[in-house]
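Written below as structure tokens is the structure these notes are about.
In the working numbering, the protein residues as written are 9 to 353.
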């Protein structure tokens, strides 16, 4: 028997986290798809190892009601339709308690017990937690459900500031210092977690049609996505930004739904990469008691012009008289419709 362990963090950041940042990936506006992003990567390496050893089947531990079975099965079958997929938890219809008891009988150490049966997944981009008392949506998550973030009430009483530098939509600097992707994410996660940033309590629509209550800890993702989205608003046109929001949402839905191999995902990813061409600059973030707020931004590509935006008369170059004609034409059709439709029969 042979065990193969692979460190794929750099690959994960480059090929999965980077496009997620450029797509401002937040499923249903809340979840940074941290777990979903890893499944196609794991599946790809699983198939590679199967080919290396000439295996005719692969196995995973996904249940029959979760999203991960969809993500892994689709990716595996896309890469090699001939591989048989074995999913014991799904085939045996194991519940959480049965899984724990089975592991105990087989002498397999697992870091959970029946009294605290959380199912967790952790990677560079975040941590997911479910099962146990978390299945009751009206109950506040207990303290032991969290591992990466401090209780905001116990976080430092003084805010902390950090500055993220982006190049074409990718974070490349932290507080003015160039930093590789993995190290940058880890550094941001450490600082943000200390301030209780990144806790997400989310009612989620699963791929299989169920609603579920999910707890996530995504300190780095929360800070980086907030900063990136703000910088986009600063440098992209209104129409670019509006159209990109649609592309972002669809890219995220495809990834969440396990359709990494869907050609549209690649096309949308290329679009997001192109639109991120001018997204270069710096964003200053304030971390305090569970909140991550943008407090400043700068970019050579900014479409903001203080001489046009200022209300200081001596510095203002905006042509105020042109506003009258603009307003007249902008509201012309609305006025016409109002006039016509207000006529009595």
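C-beta: ideal position from N, C-alpha, C; glycine also.
All of these numbers come straight from a predicted model, not from anything done at the bench.
Whole-angstrom distance between residue 294 and residue 281, CA atom to CA atom: 27 angstroms
Endpoints, the alpha helix (DSSP H) within which residue 253 is located: 246-264
Nearest candidate by alpha-carbon position, reference residue 99, set 117, 77, 116 and 113: 77
Residue 221 (DSSP reduced to helix, strand or coil): strand
Cα-Cα separation between residue 268 and residue 106, rounded to whole angstroms: 31 angstroms
Of the listed residues 21, 18 and 40, nearest to residue 229 (C-alpha basis): 40
Limits of the beta strand (DSSP E) - the one that residue 161 falls within: Where residue 161 is concerned, there is no enclosing beta strand (DSSP E), given that its DSSP letter is neither H nor E.
Element boundaries [beta strand (DSSP E), containing residue 94]: 92-94
Contact the segment 71-85 vs the segment 40-49: 3+ CB pairs below 8 angstroms: yes
Touch test, the segment 109-121 against the segment 195-208, Cβ-Cβ under 8 angstroms, three pairs minimum: Taking 8 angstroms as the limit for Cβ pairs, the verdict is that the segment 195-208 does not touch the segment 109-121.
Residue burial classification, residue 353 (beta-carbon count within 10 angstroms, cutoff 16): exposed
Whole-angstrom distance between residue 149 and residue 224, CA atom to CA atom: Roughly 11 angstroms separates the two Cα atoms.
Ordered list of alpha helix (DSSP H) runs contained in the segment 280-338, each at least 4 residues: Counting only runs of 4 or more, we get 314-317 and 330-338.
Cβ-based burial, residue 271 [other Cβ within 10 Å; buried from 16]: exposed
Chain-order list of residues whose beta-carbon lies under 7 angstroms from that of residue 21 (same chain, five-residue window excluded): 132, 189, 190 and 193
Cβ contact (3+ pairs, closer than 8 angstroms) linking the segment 252-269 and the segment 153-168: Flag = no, the segment 252-269 and the segment 153-168 do not touch.
With 16 other Cβ atoms within 10 Å as the buried cut-off, status of residue 3: Here the chain covers residues 9 to 353 and nothing more, so residue 3 does not appear.
Straight-line gap, residue 350 to residue 341 (C-alpha atoms, nearest Å): 14 angstroms
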